[in-house]
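Peer 1: For reference, the structure I am asking about is given below.
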Amino acid sequence: MLSFAPLLGLVLTLLGAPAPARPARHAYHASITEVRYNAAKQQLELATKVFTDDFERGLSEGRPAHVDLQTAGPAGAIITAEYLRRTLVLKTPAGAPLPLQFIGMQPEKDSYWLYSKAAVPGKATGVQVRNSLLLDSFADQMNIVNLEANGKKNSALLRQGHEQETLSW
């Protein structure tokens, strides 16, 4: 089927009317982080899903050139790991840092899964999560965190002005 949108835009421009705006790729800005507590290994295992275009914009801010994860090669993983360590911070409920170890990333059609883990000392009962992923890039960014531990589930919606929450099990 033929699309008349480009032709309509040209005709309207020639007539002095503004051309219709390009549709947005998606209507919302969000990430989702699935956190599982592995008691046997005493670690948190994280999988974070981000939209590719949003994430590349966040990675590119403050850099001289746009970061394209499809062509960045190993540098893309390094930049991603640095960004995640800065924007996804885990601590014990008492406030002791739980350093994030980046494992890797997996592309999908219009998104990426980012995998990481963090060692948890002793018998854990919860985790402080600070997720400011893409908050500097999008005012409406929402970061959903779902935690599964010891058969219990807990969730948090983090956004501008509310970037941190303690999730217990």
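Taken in order, the sequence shown gives residues -21 to -1, 1 to 148; the numbers are from mature numbering (1 follows the signal peptide of the UniProt record, and there is no 0).
Every residue gets a Cβ at the ideal spot worked out from N, C-alpha and C, and that includes glycine.
For clarity, every value in this text was computed on a predicted model and none was experimentally measured.
Would you mind working out which of K28, L136, R15, F117 sits nearest G83, comparing C-alpha positions?
Peer 2: Locating residue 83 in the sequence shown gives position 104, counting from the first residue. Of the candidates K28, L136, R15, F117, the one whose C-alpha sits nearest the C-alpha of G83 is K28.
Peer 1: Would you report the Cα separation of N129 and K20, rounded to the nearest angstrom?
Peer 2: For the purposes of this step, residue 129 is identified with residue 150 of the sequence shown, where counting begins at 1. For the purposes of this step, residue 20 is identified with residue 41 of the sequence shown, where counting begins at 1. Cα-Cα distance, rounded: 13 angstroms.
Peer 1: Should S10 be labelled buried (16 or more other beta-carbon atoms within 10 Å of its own) or exposed?
Peer 2: The residue labelled residue 10 in the question sits at position 31 within the sequence shown. Buried, because 16 or more other Cβ atoms sit within 10 Å of the Cβ of S10.
Peer 1: Evaluate the contact criterion for the stretch 94 to 108 versus the stretch 58 to 69: three or more CB pairs, one atom per stretch, below 8 angstroms.
Peer 2: The answer is yes - the stretch 58 to 69 touches the stretch 94 to 108, with three or more Cβ pairs under 8 angstroms.
Peer 1: Can you tell me whether DSSP reads Y62 as helix, strand or coil?
Peer 2: By one-based count along the sequence shown, residue 62 stands at place 83. Of the three classes helix, strand and coil, the one that applies to Y62 here is helix, per DSSP.
Peer 1: Pick out whichever of Y16, L25, F30, E13 has its Cα sitting closest to the Cα of Q120.
Peer 2: Along the sequence shown, read from residue 1 onward, the residue named residue 120 stands at position 141. Comparing Cα-Cα distances from Q120 to each of Y16, L25, F30, E13, the minimum goes to F30.
Peer 1: Taking the alpha-carbon of N17 as reference, which of I58, A44, A98, A75 has the nearest alpha-carbon?
Peer 2: The sequence position of residue 17 within the sequence shown is 38, counting from 1. Nearest C-alpha to N17: A98.
Peer 1: Going by CA-CA distance only, name the one from Y91, G41, Q85 that's closest to D32.
Peer 2: Stepping through the sequence shown from its first residue, residue 32 is reached at position 53. Selected option, being the one with the closest Cα: Y91.
Peer 1: When the Cα of K131 is compared with those of Y7, R15, A6, H5, which residue comes out closest?
Peer 2: Reading the sequence shown from its first residue, position 152 is the one you call residue 131. The residue with the shortest Cα to Cα distance from K131 is R15.
Peer 1: Write down every uninterrupted run of the alpha helix (DSSP H) in the stretch 47 to 123 whose length is 4 residues or greater and which is fully enclosed by it, in chain order.
Peer 2: 53 to 66, all fully within the stretch 47 to 123.
Peer 1: Relative to the C-alpha of H8, which candidate in L25, E35, N133 has its C-alpha closest?
Peer 2: In the sequence shown, residue 8 corresponds to position 29, counting from 1. For H8, the nearest C-alpha among the options comes from E35.
Peer 1: When you compare only the Cα positions, how much space is there between S95 and F81?
Peer 2: Taking the sequence shown and counting its residues from 1, one reaches residue 95 at position 116. Taking the sequence shown and counting its residues from 1, one reaches residue 81 at position 102. Near 4 angstroms, if we compare the C-alpha coordinates of F81 and S95.
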